[in-house]
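Participant: There's a structure below that I have some questions on.
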Amino acid sequence: MRQPKPWFRKFNDMWYVQTGRRQVPLAKRWDCEAEAYRRCHALMLQQDIADVRDEREINVTSVCGAILPQAQ
């Protein structure tokens, strides 16, 4: 899977990143590239955390509960 990277849209002088089908504005003006990358990384981190929360929670108890009946 490709890692989303910020890109500059010239006609409205704005940095964007595309996540899924959404284009998220990051920073205004051409010279704010560093800020755009910083915001992009923060956005990707938030999405990674949200994705982890959406997955089923796996802990020691659930793993032992699944393995123990097969071991007996």
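Using the numbering used here, you'd call the opening residue of the sequence shown number 296 and step up by one each time.
The beta carbon of each residue, even a glycine, is placed where N, CA and C say it ideally should be.
No experiment lies behind these values; they were computed from the predicted model shown.
1) Just the C-alpha distance for Leu-321 and Gln-341, rounded to the nearest angstrom, thanks.
2) Determine the contact status of Lys-305 and Cys-335, defining contact as a CB-CB distance below 9 Å.
3) Cβ of Trp-302 within 9 Å of Cβ of Cys-327?
4) Leaving out five residues on either side along the sequence, give the residues of the same chain with a beta carbon under 7 Å from the beta carbon of Glu-330.
5) How far does the beta strand (DSSP E) with Pro-320 in it reach, from first residue to last?
Facilitator: Walking through what the data contain:
1) 14 Å
2) no
3) no
4) Ala-322
5) 317-323
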